[in-house]
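Protein chains in written order, with the working numbering: chain A, 26 to 154; chain R, 178 to 555.
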């Protein structure tokens, strides 16, 4: 599903797909994540996009490079958005805090061939590619 | 100059994810992907050495460690932890006094027991610890999702003013000035057209009090000889190839990591002011490039370049790397061979009038003050 709230140009308070990411590319990230089962324990899917130049693309308006597709009940459409690489600051959530992208998901991406080892190392630290 | 030293974490499943200075041993320490901070406590003899654990159980990938006098801060993408780190109380070394569930990209020390952690679009966390280890933390920013605070480096602490440089991705190069506790922090944001500022480091050269170098993701160098009042110069040096990751000062040199190479801009202490004045000439530039780069570079003890490859951490004196290469010996730099790229060594002159991504990229500097979010006491 192409959710409009994540495609509002100029709106910065909700995760936004980068302008250069097409609908087909967004759907392709989801299809790949679904096909390769790049998911966390809750069934949420995670994906990346490698460009023609071989580099991992920037997906979000805030330079995010990982896409997140929250698990959706059966018969409901999925949607997704770029995931910021660090946990939200001073949130009220109780410890232990969770990573935005679980390490197991990164391992799955590496095994599935979506990321190279060095790329995984950088992204797992929150760094850019 | 020292010979290369290497360390390997005994557990094959545990890789180093951060490295830097360790005031406890006056040597280096390392953070790991398994949420530990360890330090070598003996020099390697026949490849053997002892590793002491400073703290463990942080539960995430360590991406930054900063030491105060008695406490240290450790950042991960999911939390910032504060630990006791005083050699005067070894029985309490590594005791976690507080953990705040705020992920950060890095953390730097900005005072005796004061730490600053860039949290991206969620702001900057400024945390202070009292003698008992009680943490008072607050978030500085213009409001969430306004500015992307990515990498921060301490420039200077003088009197009651602490000056910090922050790489703000597409928001530009950020000058942050912290005053006495409770006083609003002031910022100046220098923005550029189409430059994604991914790292920053302070530099020192004669006549410049607050010199800073920034790094754009396409290899642009942003040079400012006075972060507080100067106008930055941005220039793209085409010989710095690849997607830029990190920028470090190692002695008088500037070390740049891209996805393709480790580039060492030799004697940037001399070249920097010329670049800032737009007077850089052919003879001022000498860049050595080493292929097969690591995923990250670190500098400790002013001039030791630390890299990690295949689970082993290599510590090299940057001058030894350059000297080995210049003398025709095998360059070390994490065992990366010198590239045969003909772009090495002397480069063509930079003609600023012909550099489309030159100073014209500078857009403006906006001065303002940061709001202070609700305080958290942990």
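For every residue, glycine included, the Cβ atom is placed at its ideal position computed from N, Cα and C. Please read these numbers as outputs of a predicted model, since none were measured by experiment.
Boundaries of the beta strand (DSSP E) in which residue i is found, first to last residue
i	result
residue 344 of chain R	338-344
residue 295 of chain R	291-295
residue 489 of chain R	489-494
residue 197 of chain R	193-199
residue 365 of chain R	363-369
residue 376 of chain R	374-379
residue 71 of chain A	70-72
Proximal residues of chain A, C-beta to C-beta of residue i below 8 Å
i	result
residue 473 of chain R	146, 147, 150, 152
CB contact check: residue i to chain R, cutoff 8 Å
i	result
residue 88 of chain A	yes
residue 93 of chain A	no
residue 130 of chain A	no
residue 109 of chain A	yes
residue 113 of chain A	yes
residue 30 of chain A	no
Amino acids of chain R, ordered along the chain, whose beta-carbon sits closer than 7 Å to that of residue i
i	result
residue 7 of chain A	Outside the shown range of chain A, which is 26 to 154, sits residue 7 of chain A, and nothing can be said about it.
residue 124 of chain A	237, 254, 255
Test item: CB-CB of residue i and residue j under 8 Å
i	j	result
residue 425 of chain R	residue 476 of chain R	yes
residue 306 of chain R	residue 329 of chain R	no
residue 467 of chain R	residue 439 of chain R	yes
residue 483 of chain R	residue 196 of chain R	yes
residue 295 of chain R	residue 110 of chain A	no
Cutoff 8 Å: residue i Cβ touching any chain A Cβ
i	result
residue 278 of chain R	yes
residue 245 of chain R	no
residue 407 of chain R	no
residue 299 of chain R	yes
residue 210 of chain R	yes
residue 207 of chain R	no
residue 346 of chain R	yes
residue 375 of chain R	yes
residue 192 of chain R	yes
residue 240 of chain R	yes
residue 282 of chain R	yes
residue 533 of chain R	The pLDDT assigned to residue 533 of chain R is 38, lower than 50, so where the model puts this residue is not dependable; a value taken from the coordinates is nonetheless given after this. No, residue 533 of chain R lies away from the interface with chain A (no Cβ there is under 8 Å from its Cβ).
Local conformation of residue i per DSSP, three classes
i	result
residue 78 of chain A	coil
residue 229 of chain R	strand
residue 49 of chain A	helix
residue 64 of chain A	strand
residue 350 of chain R	strand
residue 108 of chain A	strand
residue 323 of chain R	coil
residue 250 of chain R	strand
residue 500 of chain R	helix
residue 527 of chain R	Legend: pLDDT at residue 527 of chain R = 45, less than 50; position of this residue unreliable, value from coordinates given subsequently. Three-state result, residue 527 of chain R: coil.
residue 483 of chain R	strand
residue 517 of chain R	In this predicted model, residue 517 of chain R has a pLDDT of only 39, less than 50, meaning its place in the structure is not dependable; the value taken from the coordinates is given anyway. Residue 517 of chain R falls in the coil class under three-state DSSP.
residue 282 of chain R	coil
residue 268 of chain R	helix
residue 261 of chain R	strand
residue 234 of chain R	coil
Proximal chain R residues relative to residue i, where beta-carbon distance stays under 8 Å
i	result
residue 80 of chain A	420, 436
residue 75 of chain A	Under the 8 Å cutoff, chain R gives no residues; its nearest Cβ is about 13 Å from residue 75 of chain A.
Residue i CB to nearest heavy atom of the ligand NAD below 7 Å
i	result
residue 311 of chain R	This structure lacks the ligand NAD, and indeed carries no ligand of any kind.
Residue interval of the alpha helix (DSSP H) (run including residue i)
i	result
residue 134 of chain A	128-136
Proximal residues of chain A, C-beta to C-beta of residue i below 9 Å
i	result
residue 325 of chain R	87, 88
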